[in-house]
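Those protein sequence lines, which keep their order, are chains A and B. All residue numbers for the first sequence refer to the numbering used here, where the first residue is 3 and numbers rise by one. All residue numbers for the second sequence refer to the numbering used here, where the first residue is 98 and numbers rise by one. Comments concern the structure below.
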Amino acid sequence: MAHLSDGTLRRMVDEPDAHGGADARHLESCADCKARYSTVSGDARAISSLLTAPELKVDIASAFNRVRTAPAARPRLGFRLPVMRPGSRPVVLAFATAVAAIALLVTAIAQDSNTFTPQTLTPVPVTMADMQALSQLSAYGTISWTKQPAPQIATSADDATAASGLPVPKVAALPTGVSSTVTYAAMGKATAVFTFSKDKAAAAASQAGKTLPALPAGMDGAQLTVTVGPAVAEIYGNMSKPAAGSDITQANLPQLIVGETTAPVATSSQVTVVQFENYLLSQPGISPELTAAIKAIGDPSTTLPIPIPVQFATSSAVTIQGVQGLALGDNTGVGAGVIWIKNGVVYGVVGTIKRDDAVNVANQLT
Amino acid sequence: MTTDRPDDGSFEALFTAEYARVAGIANRVLMDQGEAEDVAQEVFVDFHRLHSASAQYAPAWLHRAAAHVALNRLRGSRRRQRREVAQATKESDRTVDPQNVFEVSEDRRHVRQALARMAPKPAAVLVLRASGLSYAEVAQALGVGIGQVGTLLRRAEAALRKEVTSGTSL
């Protein structure tokens, strides 16, 4: 009989009964295998000792409650947008809040018509300081979801359409190097309400050592309601089989995302245009550039500002399918994307691809 | 986290059955209860968002994810050394033989550093097995045949031993 393999010997250390009697008899009679068994078991004991860890005492009920109450509004879908690689959750959260805050701000500016239904978009440069300042919006009121965003993975394009009510965009040809493995994601409508609170604002100002400017009547309790979605996305990359045996790090890195969502709709009550705009833009930390960019938006009732973190990406105007769009990133392949609005639907193509590839995919989308 | 999914009852059952083990796998890597439970929470939230709790592969997915997320934290964390120093101090406080404790602590510190340097699969096989998973469970978590586990484990142990032998009491 041939000598036992190292793998067999190793398993015999842990599970002596797992192998047949022939293996055990060979081990008994073979000096060579005995010597190797001794080495293997010695290593196993030593490594086992080194890998011991302090005893863990867990409270499963408390842990479950923590998971149940974990933030709901993290529409991460298990991946991170490649154009946003800050590697830091606070920065991502600040960015997301800045996006929401700017949407609310433009809504307020557009309040003449009391609704905001964008038809086109414009880039707005956002600095880290802007993000931090705008992310403090919750200190001045409450942001609540009357209908929480519930992104989900769909098993097919048809399921994604059924869940979102939107047709799934079809990519004509994938850029070189992008996996054809595709995962579908869908989300129904979600609605957020920001309610301004005079007391919270005063407390926040006081904490910062500042006095709140005199508030106009009606500001306290003023509400802004923003509805986003439905949305649908195709995610290309090796992440569609998150079952046993798949590599979770791969699941976190899609190569290309093609998404479409109904343009956000916002309505407001009680606040006036000038009061709300001046109020938000007067927050400490907002850069003059952002203030100028917001004020420079030609027709705020129909223009969706796309915040571009100045440290992470550059942007330029492009024509996509006959309408004006916005391209982000460059041709290095590190990360690029395009976004455009057509017939009230916002489309986006983003990934670890070249800017020109993103434009091509966007133009050929059907 | 949304709590209105139809399989929430199954999720709670899965959580109750697997939480201690998932946190234990992370603790094996990080040697820190707070961080280990943080990893466990992240893993369960991600699982709940993407999968059905009644899926057959659920435990295997959770075990593998716990190992990978914890190892990623170990690789990426600049706080690692501070944590290890604190851990070594804690252990030396409650042990009688200072020399022995110093060596054990040093060895564990080296072994975590070596784990962080290893390729994901060998590191995961060591962590999963050391966390008490059977050969069958390790095989399911890593998506390999049960007959391969012994070989993977032996190679990983040899590689780890080689990495840490120098400068330790191993």
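Even glycine gets a Cβ: it sits at the ideal position worked out from N, Cα and C. Quick caveat, the model's predicted, so the values are computed rather than measured.
By the neighbour-count criterion, in which a residue is buried when 16 or more other Cβ atoms sit within 10 angstroms of its Cβ, N345(A) is exposed. Excluding residues up to 5 positions away in sequence, Y186 lie with their Cβ nearer than 8 Å to the Cβ of S158(A) in the same chain.
Within the region 40 to 61 of chain A, the residues whose Cβ lies closer than 7 Å to some Cβ of chain B are V42, D45, A46, A48, I49, S50, L52, L53, A55, P56, L58, V60, listed in chain order. Considering only G339(A), D359(A), K356(A), the residue with the shortest C-alpha distance to G350(A) is G339(A). For T185(A), the uninterrupted beta strand (DSSP E) run begins and ends at 184 to 189, by DSSP.
Judged by DSSP secondary structure, K59(A) falls outside any beta strand (DSSP E); it is assigned neither H nor E. Assignment of Q366(A) by DSSP, reduced to helix, strand and coil, places it in the coil class. In this structure, the straight-line span from the alpha carbon of A219(A) to that of G173(B) is close to 51 Å. Residue state for I49(A) is assigned as helix, using DSSP reduced to three classes. Between R68(A) and chain B, the shortest Cβ-Cβ separation is below 8 Å. The residue among S231(B), E260(B), S151(B) with its C-alpha nearest the C-alpha of A220(B) is E260(B). Under the Cβ criterion (8 Å, minimum of three pairs), the region 355 to 364 of chain A does not count as touching the region 116 to 129 of chain B. Remark: C-beta atoms of S318(A) and Q257(A) do not approach each other more closely than 8 Å. Within chain A, D45 have C-beta atoms less than 7 Å from the C-beta of A255(B), given in sequence order. Contact annotation: Y232(B) and I62(A) have beta-carbon atoms that are not nearer than 8 Å. Contact annotation: V230(A) and T163(A) have beta-carbon atoms that are not nearer than 8 Å. Minimum Cα-Cα distance from A203(A) among the listed residues A224(A), G143(A), G167(A), Y238(A) corresponds to G143(A). Identification of chain B residues near S7(A) by a Cβ-Cβ cut-off of 9 Å yields G247, T248, R251, ordered along the chain. The contact set of R125(B) on chain A, defined by CB atoms closer than 8 Å, consists of L53, A55 in chain order. Minimum Cα-Cα distance from V170(A) among the listed residues G261(A), A26(A), T178(A), Q154(A) corresponds to G261(A). A residue is called buried once 16 or more other Cβ atoms fall within 10 Å of its Cβ, and W342(A) is buried on that count. In the structure shown, I341(A) adopts extended strand secondary structure according to DSSP, grouped into three states.
Chain B has no Cβ within less than 8 Å of the Cβ of E236(A).
Per DSSP, reduced to three states, the secondary structure at Y154(B) is coil, with no helix or strand assignment. For I355(A), the three-state secondary structure derived from DSSP is coil. A329(A): not part of any alpha helix (DSSP H); member of the beta strand (DSSP E) spanning 325 to 331, first to last residue.
Taking the C-beta atoms as reference points, V142(B) is found no nearer than 8 Å to V60(A). I243(B) and A253(B) do not touch by the CB rule: their CB atoms are close to 16 Å apart, not below 8 Å. Within chain A, the C-beta atoms nearer than 8 Å to that of A117(B) come from L58, V60, I62, in chain order. If you look at S7(A), you'll find it isn't in any alpha helix (DSSP H); DSSP assigns it neither H nor E. DSSP, reduced to helix, strand and coil, places T213(A) outside both helices and strands of the structure shown, so it counts as coil. For A227(B), the residues of chain A that pass the 7 Å Cβ criterion are S50, L53, in the order they occur in the chain.
Close to R12(A), with beta-carbon spacing below 8 Å, are these residues of chain B in chain order: G247, T248, L250, R251, E254. Q225(A) sits in a strand when the DSSP states are folded into three classes.
By the 16-neighbour rule on beta-carbons within 10 angstroms, K356(A) is buried. Per DSSP, reduced to three states, the secondary structure at V241(B) is coil, with no helix or strand assignment.
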